[in-house]
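Q: Each residue of the sequence shown is one higher than the one before, starting from 104 at the first, in this note's numbering.
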Amino acid sequence: MSGTIPFCDPTRCAAAGCVATVCKGAGLASNEEVFNRSAKAIPGGVNSSIRAFKSVGGNPYIVSRAEGARVWDVEGNDLIDLVQSYGAIILGHAHPKVTEAIRSAAGDGTSYGAPTPREMKLAEAIGERVPSCERVRFMNSGTEATSTAVRLARGATGRKRIVTFNGNFHGATDALLAAGGSGLATLGLPGTAGVPEEAVANTWVVPYNIVPKLDDDVAAVFVEPVAANMG
Numbered sequence: 104m105s106g107t108i109p110f111c112d113p114t115r116c117a118a119a120g121c122v123a124t125v126c127k128g129a130g131l132a133s134n135e136e137v138f139n140r141s142a143k144a145i146p147g148g149v150n151s152s153i154r155a156f157k158s159v160g161g162n163p164y165i166v167s168r169a170e171g172a173r174v175w176d177v178e179g180n181d182l183i184d185l186v187q188s189y190g191a192i193i194l195g196h197a198h199p200k201v202t203e204a205i206r207s208a209a210g211d212g213t214s215y216g217a218p219t220p221r222e223m224k225l226a227e228a229i230g231e232r233v234p235s236c237e238r239v240r241f242m243n244s245g246t247e248a249t250s251t252a253v254r255l256a257r258g259a260t261g262r263k264r265i266v267t268f269n270g271n272f273h274g275a276t277d278a279l280l281a282a283g284g285s286g287l288a289t290l291g292l293p294g295t296a297g298v299p300e301e302a303v304a305n306t307w308v309v310p311y312n313i314v315p316k317l318d319d320d321v322a323a324v325f326v327e328p329v330a331a332n333m334g
C-alpha cells in the first residue's frame, strides 16, 4: 500500500521492511484493533456516540482517506460513502477546488478571534442565494447554532415553550434532546441520561408530519426538513 500510512504497528512494520510512505501490509492494523486502541483514550472509542455502531452491531470502519464518493479504511477496503459527513461534504471528499482553497487560506493563518473579509463575503453569498437569510451568524457546530436559536427565540418573544417533532435531531443541547432521534416521544421527558426533567419541561414533542396547533406560549418550532435520525 502506497501513500500516507493511517495506522500501523511499528514492530510489525519494521520487521517487514516498511518505509515512511510505503507499507507492505504486515504492519497495518485492522479496524477492530484501531477501535479497541481508540477506546482506551476516547470514551467509547468515538467522538460521537452514533459512530460506535452499537445500535447495529459490530465495530465501525476506521477511515484512512477519502476522495469523491469513496472512502478507504485502515485495512485498505474501498467503500462507497453514503454518509458524506452527514451532508456536510456536498461536493464529495477532497474536491480539488476545495482543497486548493483551504491550502491558500491556511497560509494566511487559521484562527484570529477577530472579523475577516472572508466571513463577510461568505455571509453575503449565503444571503444572495437564500433571500430569507437576512443576516448570518456563523457557528462551530449544529448544537451551538440550535442552542443560540433557542435562547434568541425565547429572548425575542418572551415565551418559554419550544416545539420539536418526534425523531428529529437538533444537536446535543438539553432543551432539544427530548425524543431526538430514537428517544422518548413523551412531552417533557429527556431522551438521554444527564438531562434533568427541568431542562425539557418547556419542550413540547409532537408527531412528525402533523402540523400542531400552537399556543400563545410557544417561542419557536424546530423541524428537520429531511429527517435523518428516525430510521
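A virtual CB, placed ideally from N, CA and C, is assigned to each residue, including glycine.
1. Using the Cβ count rule (16 or more neighbours within 10 Å means buried), how would you classify Ala-322?
2. Put Val-303 into one of helix, strand or coil per three-state DSSP.
3. Jot down the residue ranges of each uninterrupted beta strand (DSSP E) in the stretch 231-266, minimum 3 residues, whole runs only, in chain order.
4. Alpha carbon to alpha carbon, how far is Glu-135 from Lys-143? Give it in angstroms, no decimals.
5. Does the separation of the CB atoms of Leu-255 and Phe-325 fall below 8 angstroms?
6. Using 8 angstroms as the threshold, is the C-beta distance between Ala-330 and Asn-271 below it?
7. Beta carbon of His-196, beta carbon of Ala-169: below 8 angstroms?
8. Thinking Val-266 and Val-309 are a contact (beta carbons under 8 angstroms), I'd like their distance in whole angstroms, please.
9. By Cβ distance below 6 angstroms, which residues in the same chain neighbour Val-375 in space, the five residues on each side in sequence not counted?
10. If you reduce the DSSP assignment to three classes, tell me which class Ser-151 lands in.
11. Rounded to a whole number of angstroms, what is the C-alpha to C-alpha distance between Ala-129 and Thr-213?
12. What are the partner residues of Ile-57, as DSSP defines its beta bridges?
13. According to DSSP, is Ser-421 helix, strand or coil?
14. Beta carbon of Asp-318, beta carbon of Arg-264: below 8 angstroms?
15. If we count the other Cβ atoms within 10 Å of its Cβ and call it buried at 16 or more, is Gly-286 buried or exposed?
16. If you measure between the beta carbons of Gly-216 and Thr-246, is that distance less than 8 angstroms?
17. Would you grab the beta carbon distance between Ala-302 and Asp-277 for me? Rounded to a whole angstrom, and I think it's under 8 angstroms.
18. For Thr-306 and Phe-268, I'd like the C-alpha separation in whole angstroms.
19. Buried or exposed: Ser-151, going by 16 or more other Cβ atoms within 10 Å of its Cβ?
20. Between which residues of its own chain and Tyr-189 is the CB-CB distance below 8 angstroms, once the five residues before and five after are set aside?
21. Per DSSP, which residues does Phe-268 bridge with? Please list them.
22. Closest to Val-186 by C-alpha separation, out of Lys-200, Glu-178 and Gly-171, would be which residue?
23. Taking Lys-224 as the reference, which of Phe-241, Ala-209, Arg-154 and Gly-210 has the closest Cα?
24. Could you check what DSSP says for Ala-323 in three-state terms: helix, strand or coil?
A: Here's the rundown:
1. buried
2. helix
3. none
4. 13 angstroms
5. no
6. yes
7. yes
8. 6 angstroms
9. The first residue shown for the chain is 104 and the last is 334, placing residue 375 beyond what the model contains.
10. coil
11. Residue placement at Ala-129 is poorly supported in this model, since its pLDDT is 48, which falls under 50; the coordinates still yield a value, given next. Distance between the alpha carbons of Ala-129 and Thr-213: 37 angstroms.
12. Here the chain comprises residues numbered 104 to 334, so residue 57 is not present and cannot be evaluated.
13. Only positions 104 to 334 of the chain appear in this structure, which leaves residue 421 out of reach.
14. yes
15. Its pLDDT being 41, under 50, Gly-286 is placed unreliably by the model, and the measurement read from it follows with that caveat. When all chains shown are included, Gly-286 counts as buried.
16. no
17. 4 angstroms
18. 10 angstroms
19. exposed
20. Ala-331
21. Val-309
22. Gly-171
23. Phe-241
24. strand
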